[in-house]
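One structure is given here, and the rest of the page talks about it.
2 protein chains.
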Amino acid sequence: MNVEDVIKTDKEIPLKSRTIIHFMLVNNRINETIAQVLKPYDVSLQQFNVLRILRGQNGRPANLSTLNERMVTKMSNTTRLVDKLKSKAYVDRITCPSNRRKVEIRITPKGARALEKMDTALKTAENDILKDLSEKDLEQLNRLFDKF
Amino acid sequence: MNVEDVIKTDKEIPLKSRTIIHFMLVNNRINETIAQVLKPYDVSLQQFNVLRILRGQNGRPANLSTLNERMVTKMSNTTRLVDKLKSKAYVDRITCPSNRRKVEIRITPKGARALEKMDTALKTAENDILKDLSEKDLEQLNRLFDKF
DNA sequence: ATTTTACATTTGTCTATACAATTGTTGTAA
DNA sequence: TTACAACAATTGTATAGACAAATGTAAAAT
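Respectively, the protein sequence lines represent chains A and B.
Counting in this note's numbering, the first sequence runs from 1 upward without gaps.
Counting in this note's numbering, the second sequence runs from 149 upward without gaps.
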């Protein structure tokens with residue numbers, strides 16, 4: 001992926017700017033690929049993410065603020081995100097008995113089954129996106145990302 | 149930025165997955181920072197991007213498909229993006245005389261002046277985002293991004 | 001006990017984006 | 001010349017997300 005080709009410019013881009021633009025181009029590619037593989041399951045990346053967090057709870061319920069805390073991309077509106085999952089019967093939501101301000105959200109068996117398939121799909125996407133990167137490349141990338 | 153801390157998990161994440169998640173976390177940080185510095189000018193990153201492309205035209209007009217081609221993030225709706233810029237008087241739009249299917253879009257002097265200030269703001273954002281990365285780091289990153 | 005403050009979620013509103021269908025224009029082939 | 005295909009942009013519709021305000025509940029202060 002050559003930056004200058006993609007954005008069709010012939011002039012030299014300063015290294016810092018080039019890095020940011022390059023980053024965004026890669027981001028587009030990642031998003032497109034992941035959106036594509038999740039499409040058959042009719043969930044967005046964010047929704048998938050919430051399902052994964054709920055599974056990680058091992059039966060324990062999560063409330064909205066916990067979800068928000070753990071999401072890769074903090075959302076301003078987790079309520080409606082959970083709504084979507086509920087409408088697909090992938091999650092349950094009840095108000096917390098001990099503190100009625102909170103809600104208890106749990107993944108349903110149906111959600112868990114769907115999630116397993118999504119996992120496979122995502123693994124495929126990851127492999128595709130990263131197919132030209134060696135283990136060493138990946139470690140280097142993670143090391144560099146730590147500096148952000 | 150430690151991935152495990154941010155998404156609050158204690159279990160080990162496979163390297164590939166970790167890389168993608170790490171990438172997304174960095175992406176959030178970049179987007180937030182850039183959105184922040186552009187906010188005073190009331191333009192989105194996409195709108196800023198269009199203004200830059202128009203400036204790169206050096207007076208020559210651009211039509212919608214050209215813009216679309218050169219944008220970092222291809223959008224499904226460039227018409228409405230240009231609408232927003234027009235409503236701020238940052239661009240002009242006329243139908244192309246030689247081919248009335250096309251439109252000619254130009255940056256206005258007002259747009260050019262605003263853009264100069266935005267440039268400075270973006271430079272600040274870039275410096276902030278990349279403050280802990282050396283020149284060598286940046287080159288390494290660009291090299292790795294080429295593998296995507 | 002009553003008021004105030006803080007907490008947790010929900011709702012409203014506006015903007016952004018994806019995707020499909022439509023409109024208007026030009027070029028081309030019968 | 002007329003029909004048809006291709007092109008360029010616009011519009012419609014549905015969903016996602018940012019941000020602020022509102023609601024309902026619990027805890028703390030007086």
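We put the beta carbon where it would ideally sit given N, CA and C, even for glycine.
Inter-residue spacing [alpha-carbon to alpha-carbon] between A/Phe32 and A/His22: This sequence places Glu at residue 32 of chain A; Phe is not what is there. Those two C-alpha atoms are separated by around 16 Å.
Helix, strand or coil for B/Asp183? Go by DSSP, reduced to three states. Before going further, note that residue 183 of chain B is Ala rather than Asp in the sequence given. Collapsing the DSSP output to three states places B/Ala183 in a helix.
Alpha-carbon spacing of B/Lys232 relative to B/Met223, whole angstroms: 14 Å
Taking Cβ positions only, does B/Glu274 come closer than 8 Å to chain A? yes
To the nearest angstrom, how far is the alpha carbon of A/Leu62 from that of A/Asn68? A small fix is needed here, since residue 62 of chain A is Ala in this sequence, not Leu. C-alpha separation (whole angstroms): 10 Å.
If you draw a straight line from the C-alpha of B/Thr221 to the C-alpha of B/Asp158, how long is it? 35 Å
Near A/Ala121, which residues of its chain fall below 8 Å by C-beta distance, leaving aside the five closest residues on each side in sequence? Val37, Leu38, Pro40 and Tyr41
With DSSP as the reference, label B/Val198 as helix, strand or coil. In the structure shown, B/Val198 falls within a helical segment according to DSSP collapsed to helix, strand and coil.
Around the C-beta of A/Ile34, are 16 or more other C-beta atoms found within 10 angstroms, so that it is buried, or is it exposed? buried
Inter-stretch contact at 8 Å, needing at least 3 Cβ pairs: the segment 47 to 55 of chain A / the segment 110 to 127 of chain A: When Cβ pairs closer than 8 Å are counted between the two stretches, the segment 47 to 55 of chain A is seen to touch the segment 110 to 127 of chain A, the count reaching three or more.
Taking Cβ-Cβ distances below 8 Å as the criterion, which residues of the segment 193 to 216 of chain B are in contact with chain A? Taking 8 Å as the cut-off between beta carbons, the residues of the segment 193 to 216 of chain B near chain A are Gly204, in sequence order.
Just the C-alpha distance for A/Thr108 and A/Lys88, rounded to the nearest angstrom, thanks. Cα-Cα distance, rounded: 10 Å.
B/Lys284 and A/Leu138 look like a contact to me (Cβ under 8 Å); what is the Cβ gap, rounded to whole Å? Actually they are not in contact, since the Cβ atoms of B/Lys284 and A/Leu138 sit about 19 Å apart, beyond 8 Å.
So with Cβ pairs under 8 Å, would you call A/Glu135 a contact of chain B? yes
Residue-chain proximity (A/Asn76, chain B), Cβ-Cβ < 8 Å: In the sequence under discussion, the amino acid at residue 76 of chain A is Ser, which differs from the Asn named in the question. A/Ser76 does not count as touching chain B.
Members of the segment 25 to 41 of chain A that neighbour chain B once the beta carbon cut-off is set at 7 Å: Leu25, Val26, Asn27, Asn28, Arg29 and Ile30
Would you say B/Asn290 and A/Arg55 are within 8 Å of each other, going by their C-beta atoms? The criterion of a C-beta distance shorter than 8 Å is not satisfied by B/Asn290 and A/Arg55.
If you draw a straight line from the C-alpha of A/Gly111 to the C-alpha of A/Asp92, how long is it? The alpha-carbon of A/Gly111 is positioned some 10 Å away from that of A/Asp92.
In whole angstroms, what separates the C-alpha of A/Phe145 from that of A/Glu126? 17 Å
In whole angstroms, what separates the C-alpha of B/Leu144 from that of B/Val230? The structure shown does not extend to residue 144 of chain B, since chain B is modelled only from 149 through 296, so no value can be given for it.
Residues of chain B with CB under 8 Å from A/Asp132, in chain order? Lys295 and Phe296
Could you give the distance in angstroms between the alpha-carbon of B/Asn297 and the alpha-carbon of B/Asp276? Lying outside 149 to 296, the shown extent of chain B, residue 297 of chain B is not represented and no answer is given.
Looking at chain A, is there any beta carbon in it that lies within less than 8 Å of the beta carbon of B/Leu229? no
Which term fits A/Asn99, buried or exposed, when burial requires 16 or more other beta carbons within 10 angstroms of its beta carbon? exposed
Is the beta carbon of A/Ile7 less than 8 Å from the beta carbon of B/Arg218? yes
Segment limits, beta strand (DSSP E) that includes A/Thr120: Not the beta strand (DSSP E): A/Thr120 falls in the alpha helix (DSSP H), residues Pro109 to Ile129.
Per-residue burial, B/Thr226 [other beta carbons within 10 Å of its own, 16 or more giving buried]: buried
For B/Val174, the three-state DSSP class (helix, strand or coil): helix
Chain A within 8 Å of B/Ile255, Cβ atoms only: Closer than 8 Å: no.
Just checking: is the beta-carbon of A/Val72 within a distance shorter than 8 Å of some beta-carbon in chain B? In terms of beta-carbon proximity, A/Val72 lines the interface with chain B, with at least one pair separated by less than 8 Å.
Using a C-beta to C-beta distance shorter than 8 Å, which residues of chain A count as neighbours of B/Leu163? Glu135, Leu138, Glu139 and Asn142
Residues of chain B with CB under 7 Å from A/Thr19, in chain order? Leu278, Leu286, Leu289 and Asn290
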